[in-house]
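Peer 1: Once you've had a glance at the structure underneath, I'll fire off some questions.
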Amino acid sequence: MCGIVGYVGKRNAQDVLLDGLEKLEYRGYDSAGVALALEGGIRVVKSKGRLAELRKRLAVEALARSGCGIGHTRWATHGEPSDVNSHPHSTPRVSIVHNGIIENYLELRERLTKEGVSFCSDTDTEVVSNLIARLYEEQGDLLEAVRMAVARLEGSYALGIVCRDEPGQIIAAKKDSPLIFGFGEGENFIASDVPAILKYTRQVAYLDEGDMAVFTASGVTFYNALGEQVEKKPEKITWELSDAER
Ligand code: GLU
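Just so we're aligned, residue 164 is where the sequence shown starts under the numbering used here, counting upward by one.
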């Protein structure tokens with residue numbers, strides 16, 4: 164189990180992500196990290212240890228303000244807790260956060276290795292970032308690449324994906340791990356659960372199995388497991404954070 168969060172909008176994404184990760188830390192706390200879309204590319208800062216360690220590292224790095232990013236708090240399933248095994252996992256173009264287990268990762272890793280891809284972590288997740296990047300190179304279409312990549316995965320995933328070429332956009336995908344979408348005004352969110360974003364919005368939609376969401380600050384498009392565009396109406400959360408923490 165672990166927690167993911169994603170944000171696009173007018174606020175400082177780093178603050179929103181850290182706020183969300185704090186609320187998700189109960190889901191996993193052996194390491195944490197963020198990827199922020201900045202001029203010149205995606206910057207990733209991650210660290211073994213609790214969220215406090217990531218905060219320290221971010222204070223030192225003092226990244227420029229970004230309005231788009233993804234974050235992760237990890238509970239390791241594949242690969243020990245370490246800086247390199249922490250999420251996000253990245254290629255030069257694509258960064259992802261993942262909650263779940265990719266059961267066929269060894270097979271996928273072997274295939275990608277034969278194609279010349281090299282891996283730096285011991286995680287199951289790193290095959291997903293590389294698979295997406297590889298298919299994106301071949302297809303030239305990011306959404307199609309994500310769709311093709313998840314079709315090859317066996318196991319469970321909630322994914323948040325950012326790409327250097329689409330710095331104001333996040334793609335999310337879900338199967339057998341929880342993922343919600345949060346609707347804002349000129350901003351949008353994803354998270355593993357509601358408390359992570361309740362400070363910012365009460366309008367949420369629950370992603371169903373096989374769903375994908377593609378969103379920017381100004382809008383979202385949802386797709387079902389068949390790749391068909393679907394509407395999702397926001398549901399209003401009526402309980403308070405203090406109720407959830409009780
Ligand atoms: N399987 C991934 C890892 O070990 C994600 C962990 C999780 O979802 O708890 O890094």
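Built from N, CA and C at the ideal position, the CB exists for glycine as well.
#1: Which residues in the same chain have their Cβ closer than 8 Å to the Cβ of residue 392, if we skip the five residues on either side of it in sequence?
#2: Determine the closest residue to residue 143 out of 366, 380, 370 and 375, with distance taken between C-alpha atoms.
#3: Report buried or exposed for residue 215, applying the criterion of at least 16 other Cβ atoms within 10 angstroms of its Cβ.
#4: So residue 343 and residue 356 are supposed to be a Cβ contact under 8 Å. How far apart are they, rounded?
#5: Tell me which residue opens and which closes the beta strand (DSSP E) that residue 351 is part of.
#6: Within 10 angstroms of the Cβ of residue 173, are there 16 or more other Cβ atoms? Answer buried if so, exposed if not.
#7: Let me know if residue 269 comes out buried or exposed under the rule of 16 or more other beta-carbons within 10 Å of its beta-carbon.
#8: Are the Cβ atoms of residue 194 and residue 250 separated by less than 9 Å?
#9: Closer than 8 Å: is that where the CB of residue 293 sits relative to any heavy atom of the ligand GLU?
#10: From 231, 289, 313 and 181, pick the residue whose C-alpha is nearest to that of residue 388; which is it?
#11: In chain order, what residues of the same chain have a beta carbon less than 6 Å from the beta carbon of residue 334, not counting five sequence neighbours either side?
#12: What does the Cβ neighbour count give for residue 297, buried or exposed, with the cut at 16 atoms within 10 Å?
#13: Beta-carbon within less than 8 Å of residue 243's beta-carbon, same chain only, minus the 5 sequence neighbours each way: which residues are those?
#14: Per DSSP, residue 208 forms a beta bridge with which residues?
#15: Secondary structure at residue 295, three-state DSSP: helix, strand or coil?
#16: Can you find the residues in the same chain that come closer than 7 Å, C-beta to C-beta, to residue 306, ignoring five residues on each side of it along the sequence?
Peer 2: Based on what the coordinates show:
#1: Indexing the sequence shown from 1 puts residue 392 at position 229. Excluding residues up to 5 positions away in sequence, 384, 385 and 386 lie with their Cβ nearer than 8 Å to the Cβ of residue 392 in the same chain.
#2: The question about residue 143 has no answer, for the chain in this structure spans 164 to 409.
#3: Along the sequence shown, one-based indexing puts residue 215 at 52. Classification for residue 215: exposed.
#4: Within the sequence shown, the letter at position 180 stands for residue 343. Within the sequence shown, the letter at position 193 stands for residue 356. The Cβ separation is near 7 Å, so the contact holds.
#5: As a first step, residue 351 is located in the sequence shown; it is residue number 188 there, counting from the start. Its beta strand (DSSP E) spans residues 351-354.
#6: The residue given as residue 173 occupies position 10 in the sequence shown. Counting C-beta atoms within 10 angstroms of its own C-beta, residue 173 has fewer than 16 neighbours from the protein chains shown and is therefore classed as exposed.
#7: Here residue 269 corresponds to residue number 106 of the sequence shown, with the count starting at 1. In the assembly as shown, residue 269 is an exposed residue. Its beta-carbon has fewer than 16 other beta-carbons within 10 Å.
#8: Within the sequence shown, residue 194 is the residue found at index 31, counting from 1. Within the sequence shown, residue 250 is the residue found at index 87, counting from 1. Yes, Cβ-Cβ distance for residue 194 and residue 250 is below 9 Å.
#9: To locate residue 293, count along the sequence shown from 1; it is residue 130. Result no, Cβ not under 8 Å from the ligand GLU.
#10: Counting from 1 along the sequence shown, the entry for residue 388 is found at position 225. Considering only alpha carbons, the answer is 313.
#11: The sequence position of residue 334 within the sequence shown is 171, counting from 1. Taken in chain order, the residues that qualify are 309, 324 and 377.
#12: Locating residue 297 in the sequence shown gives position 134, counting from the first residue. Per the 10 Å Cβ criterion, buried.
#13: For the purposes of this step, residue 243 is identified with residue 80 of the sequence shown, where counting begins at 1. The beta carbon of residue 243 lies closer than 8 Å to those of 285 in the same chain, with the five residues before and after it left out.
#14: Counting from one through the sequence shown, the residue named residue 208 turns up at place 45. Note: residue 208 sits in a beta bridge opposite 197.
#15: One-based indexing of the sequence shown puts residue 295 at position 132. Assignment of residue 295 by DSSP, reduced to helix, strand and coil, places it in the helix class.
#16: For the purposes of this step, residue 306 is taken as residue 143 along the sequence shown, with counting starting at 1. Leaving aside the five residues that flank residue 306 on each side, the residues in its chain whose CB is nearer than 7 Å to its CB run, in chain order, 334 and 377.
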